[in-house]
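Working notes, structure below.
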Amino acid sequence: MRKRRYERDGHAGKSLSLTPRKRALLRHLIACRLLSLPQLAALEGLDPKAARKHLRPLYDAGLVEVIVVTRAALDDPQEGESELSLVFGSAPNLYCLTRAGLRLLYDLGEVGAEERERNLPSYGPRNALFLAHDVQVRDLRVFLVRTARERGGRLILWHDGPEAHIDLGKGVRPQVARPDARFQFEVRAGDPGVALAGFIELDRGTERGGVRWREKVAQYRALLGNVALVQQATGKQRARVLVVVPSESRRRWLREFLRREIPSTEDALRQAFYLCLRRELLNADATAPIWQVLDGDGPQPRPLIPEERFI
């Protein structure tokens with residue numbers, strides 16, 4: 562008999578064999594706290610069906626939780642697509658660790674005592690907007706990890722949420738920069754001199770007008786103008802701002818808005834911004850020409866990292 566999607570099979574959970582693959586999936590959840598089935602599959606180089614087969618016993622054993630949300634809560638409507646179409650069909654499973662999962666990982670030496678006792682986030686329909694935002698930010702982490710697996714290199718730093726925020730210091734307005742995430746990616750393993758550092762901004766196109774992005778420009782003007790702060794935040798003295806948008810029309814609007822807000826005299830700040838579509842990000846690596854910049858070749862897409870950098 563087919564198992565129900567959200568009903569645990571206690572008998573199956575008791576006979577769990579914690580294989581290396583299952584331990585790897587749990588480690589991804591330690592690092593990210595929340596991941597979708599497609600994200601976990603991509604991180605492990607599996608197809609989603611195979612990943613689900615590894616995750617189901619972890620769910621039955623009570624080591625991971627499945628978060629139930631609608632497809633409309635997670636997906637952005639594409640251009641020419643009615644929002645009504647998102648009502649039909651189910652969303653992919655979202656997974657997070659349970660307290661029992663953390664305790665087991667502590668017993669296995671995968672986490673320390675502080676991590677074992679950390680507060681677990683509570684996700685559900687009431688905070689679905691924040692949930693969708695958090696899931697989509699992690700698309701960038703998957704993008705970088707997939708690049709590392711396919712091209713070489715290594716993700717050596719990643720912080721998201723409040724852990725990504727940077728105090729800009731007293732007397733500075735604004736006083737805090739709030740990127741959605743910050744990272745450093747080593748382009749060639751063993752060569753720390755060849756690295757990409759950056760900040761991540763997820764734009765879901767839900768805010769009208771330019772108030773939020775005007776505030777963001779002010780934050781990055783203060784942050785990127787302070788080499789010491791960038792070094793402290795990312796481990797490198799120079800960093801990019803990677804912006805993910807839901808549609809081509811939103812990218813066109815945001816690119817023109819940023820060009821108006823950042824004058825040509827602020828060349829370094831202009832050159833920091835890279836914009837891409839979320840749907841293109843999901844199946845690409847860092848060598849794919851999917852990013853637009855504010856100047857230079859105009860809207861002509863370019864790669865985040867040229868392929869020859871990996872040679």
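Each number in the numbering used here comes from the position in the sequence shown (counting from 1) with 561 added on. Virtual Cβ for every residue (Gly too), placed ideally from N, Cα, C.
Cβ pair count under 8 Å reaching 3, the region 803-819 against the region 827-843: yes
Spatial distance of Leu619 from Glu776 (CA atoms): 43 Å
Rounded Cβ spacing between Leu763 and Val706 (contact assumed at less than 8 Å): Going by Cβ atoms, the distance from Leu763 to Val706 rounds to 17 Å, so no, they are not a contact pair.
Unbroken stretches of the beta strand (DSSP E), 3 residues or longer, contained in the region 609-635: 625-628
Under the three-state DSSP convention, the category Leu607 falls into: coil
Whole-angstrom distance between Ser825 and Leu681, CA atom to CA atom: 45 Å
At least three beta-carbon pairs within less than 8 Å, the region 731-750 to the region 848-862: no
Separation of Leu842 from Asp621, as counted between CA atoms: 32 Å
Candidates Gln745, Val778, Ala779, Ile761: closest to Gln792 by CA position: Gln745
CB of Ala725 within 7 Å of CB of Pro740, strictly: yes
Where Ile851 falls: helix, strand or coil (DSSP): strand
Coil, strand or helix - Ser808 by DSSP: coil
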